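Scroll down for the structure; my scribbles are underneath it.
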Amino acid sequence: MFFASDNWAGAHPKIAESLTREAAGYAAAYGSSDLDKRIEARFNELFEREVAVFFVGTGTAANSLALASVARPGGVTFCHFDAHVNADEGGAPEYLTSACRLYPVEGENGKMDAEALRGHVHRFDVPSVHQGRPMAVTLTQATESGTIYTLDEIGEVSAIAKSKKLPVHMDGARFANALVALDATPAEMTWKRGVDILSFGGTKNGCWCAEAIIFFDPDMAEEMPYIRKRSAQLFSKTRFVSAQFEAYLEDGLWLELAGHANAMADRLRSTLKTGNRARLAWETQSNEVFAVFDKALAEEAKAKGAKFYDWLVPRDMPHLVSENEVLARLVTSFATTNEDVDRFLDICTGA
834 MFFASDNWAG AHPKIAESLT REAAGYAAAY GSSDLDKRIE ARFNELFERE
884 VAVFFVGTGT AANSLALASV ARPGGVTFCH FDAHVNADEG GAPEYLTSAC
934 RLYPVEGENG KMDAEALRGH VHRFDVPSVH QGRPMAVTLT QATESGTIYT
984 LDEIGEVSAI AKSKKLPVHM DGARFANALV ALDATPAEMT WKRGVDILSF
1034 GGTKNGCWCA EAIIFFDPDM AEEMPYIRKR SAQLFSKTRF VSAQFEAYLE
1084 DGLWLELAGH ANAMADRLRS TLKTGNRARL AWETQSNEVF AVFDKALAEE
1134 AKAKGAKFYD WLVPRDMPHL VSENEVLARL VTSFATTNED VDRFLDICTG
1184 A
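All the letters of the sequence shown, read from the start, carry residue numbers 834 to 1184 under the working numbering.
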């Protein structure tokens, strides 16, 4: 009953097999192997246009270096209060962008409110060396609250950014989960809605260690080779990242894995909606579920082997949890089974 994080899951067997195959023999280093070039071309097909692709090892690196590529002195990046870049990356975005600031924007259920974003961006209309200047807008898809921006919502955020000539970055650590939930294409959820740069995540969805920074206008990526090298993210044996993506993208495996994780989350949601000992905290659409437990029930579940994290109550829901309750985050993965979910739900329902 491992619901602490999809990062706890291992690598899918097909991805592990691909790594094993690539372990034999020799290949050119630093992203210049035939396999690296083939996978870069595969991303062109996936997104229906020519893109620039840069492999890195972590989601934090992908997000931070994506923002570093558009950094400017005094730069300000707009994001949701609970965005991963703002709440969970230990200052890496600020550090790797040479101290550019993150500017939190309000919004319910983990999503930036478009009108709030418009108002905050407007505050910088009069140039001021003291306030700094807008640099970018970044949104998380799926969000840290397990919710998903609709295609129209992505377009609305992007339109506000474009009106101020700001690039739009998407943190796609759970990109596949959001894509499956929306039943959209990669192009529809990104550049066709105004996204300029994507952090394309694979690690949470069955890869061992595979993330990519994707520029939908290759001309925007001119500085990235140097930024990545300076940040110690240019792997000499890049082919081992490519090998993961080769298996990940083949025959739609990545969407199959995300669909399974989402389905396991749906299984949790459907029972917790009607439970007496635990209840859904809010509606989610991805592979993250948030539930309110009686503290005694939470401890009982953990004692019986369930792994999950207690979670901070969102600032827009101050009265969600009573004194004797706790908010928990439950995350499913490609490796979650029906049996895992049912055992956990039996505890929650007292079956």
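Quick reminder that beta carbons are idealized off the backbone N, C-alpha and C, glycines included.
Remember, it's a predicted structure, so these values are computed and weren't measured experimentally.
Candidates the options: closest to residue i by CA position
i	options	result
ASN919	GLU1158, TYR936 and ALA1098	TYR936
THR971	HIS913, GLN964 and ARG1102	HIS913
ILE848	ARG1072, THR976 and GLY943	ARG1072
ALA860	LEU1178, ASP1149 and SER1069	SER1069
GLY1034	MET1097, GLU989, ARG1063 and ALA1091	ALA1091
ALA1139	ILE1180, GLU850 and SER1103	ILE1180
PRO1151	LYS1135, VAL1164, LYS1137 and ALA1114	ALA1114
SER1075	GLU941, TYR863 and ALA1096	TYR863
TRP1144	VAL1122, ALA1129 and GLY1085	VAL1122
ARG1063	ASN840, SER931, LEU852 and PHE836	SER931
ASP1127	ARG1112, LYS870 and GLU878	ARG1112
Beta-bridge pairing of residue i - partner residues as DSSP gives them
i	result
PHE835	LYS1140
TYR936	PHE911
LEU1086	LEU1086 pairs with nothing; no bridge assigned.
ARG1186	Summary: the structure shown does not reach residue 1186, with the chain confined to residues 834 through 1184, and so no result is reported for it.
GLU1158	ASP1127
PRO967	VAL909
GLU1044	VAL889 and GLY1034
LEU972	MET1003
LEU1163	VAL1122
Whole-angstrom C-beta distance between residue j and residue i, which should lie under 8 Å
i	j	result
ASP1173	MET834	5 Å
PRO967	LEU999	5 Å
ALA947	VAL990	6 Å
SER902	GLU1056	6 Å
ASN1095	ASN1157	The Cβ separation is near 31 Å, so there is no contact.
Helix, strand or coil at residue i [DSSP, three-state]
i	result
VAL1028	coil
MET1003	strand
VAL990	helix
SER1103	helix
SER961	strand
GLN1077	helix
GLU855	helix
ARG1072	helix
PRO1151	coil
ASP985	helix
PHE880	helix
SER996	helix
GLY979	coil
Proximity test, Cβ basis, 7 Å: residue i and chain D
i	result
LYS1070	The structure shown contains no chain D; it holds only a single protein chain.
Straight-line gap, residue i to residue j (C-alpha atoms, nearest Å)
i	j	result
SER1155	THR1182	20 Å
ALA1131	VAL1159	8 Å
LEU1082	GLY1039	11 Å
PRO906	SER961	12 Å
VAL1013	ILE993	26 Å
THR976	TRP1087	19 Å
PHE911	TYR1142	28 Å
GLU1133	LEU1105	17 Å
GLU1044	VAL1146	29 Å
THR1170	TYR1059	43 Å
GLY952	THR973	20 Å
GLU1116	ALA899	30 Å
GLY908	ARG934	6 Å
LEU1178	ASN1120	16 Å
ALA894	ARG1102	32 Å
VAL1028	GLU1021	10 Å
HIS917	ASP1004	8 Å
ALA1065	VAL889	9 Å
LYS997	GLU986	17 Å
GLN1118	LEU1015	9 Å
CYS1042	ASP869	15 Å
The ligand NAD heavy atom lying under 6 Å from the CB of residue i
i	result
ALA1091	In the structure on display, the ligand NAD does not appear, and there are no ligands present to speak of.
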